[in-house]
Amino acid sequence: MIKYKTTKDFTEKELETLFLSVKWSSGKYPDKLKIAMNNSDTVISAWDGAKLIGLINALSDKIMTVYFHYLLVMPEYHSQGIGKTLVKKMLEVYQSYARKAVIAYNTEIEFYKKCGFTPHDDKKPMFITFLTT
């Protein structure tokens, strides 16, 4: 049975394993990921026993706008509703906020539409980054 927790208490190894399972280059920086989770406003994680299998985090201005930066679930747990549950739980936390934002890869747009997000043709995300995913 999958359990959900609101926690920022992860080991570097747990984060590395989770992020590399979905081939995200940020998994190569588990020390930075640990700090990033601690600096997030909210982190909700999914666990199969003692195994971290997914998480979502939020960065906010604490009143109007929240950005959901990471949402990932280990591939062997895909199509079980875990990602949708993580999004739902996070949307509940920030229900009173006027703007809830996410940057979706093209392959994820349909997933986020099902979660209530709407793409905008007149807006484009822009980055300066050394990460590839």
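In this note's numbering, the protein residues as written are 620 to 752. From the three backbone atoms N, C-alpha and C, an ideal C-beta is built for every residue, glycine too. These numbers come from a predicted model, not from an experiment.
Just to confirm my understanding: we take residue i, look at its own chain, exclude 5 residues before and 5 after, and list those with CB closer than 7 Å. What are they?
i      : result
MET683 : TYR716, ALA717, ARG718
PRO738 : ILE728
Do you know how far the Cα of residue j is from the Cα of residue i?
i      : j      : result
LEU710 : PRO744 : 21 Å
GLU633 : ASP741 : 38 Å
ILE747 : ILE675 : 22 Å
THR626 : GLY673 : 12 Å
GLU729 : GLY735 : 10 Å
ASN657 : GLU635 : 15 Å
Cutting at 6 Å between CB atoms, please list the residues of its own chain near residue i, excluding the five before and the five after it.
i      : result
VAL712 : THR661
ALA723 : TYR731
Relative to the C-alpha of residue i, which residue among the options is closest?
i      : options                        : result
TYR689 : SER664, HIS697, LYS670         : SER664
PHE749 : ASP680, THR636, GLU631, SER644 : SER644
ALA655 : THR636, GLY702, ALA677         : ALA677
LEU637 : ASN657, VAL692, PHE687         : VAL692
LYS681 : SER659, GLY700, GLY702, THR751 : SER659
PHE629 : LYS642, VAL706, LYS707, ALA669 : ALA669
GLU631 : LYS651, VAL641, SER640         : LYS651
What residues are listed by DSSP as bridge partners for residue i?
i      : result
LEU625 : In the sequence as presented, Leu is not what sits at residue 625; that position holds Thr. DSSP, once it has assigned bridges, lists ILE663 as partnering THR625.
THR684 : ARG718
LYS670 : ASP667
Short of 8 Å in beta carbon distance, which residues of its chain neighbour residue i, apart from the five on each side in sequence? Order them along the chain.
i      : result
ALA720 : THR684, VAL685, TYR686, PHE687
LEU671 : PHE629, GLU633, LEU634, THR636, LEU637, SER664, ALA665
For the region 665 to 674 and the region 622 to 642, state whether three or more C-beta atom pairs, one from each stretch, are separated by less than 8 Å. Three or more beta-carbon pairs drawn from the region 665 to 674 and the region 622 to 642 are found closer than 8 Å, and the two stretches are therefore classed as touching.
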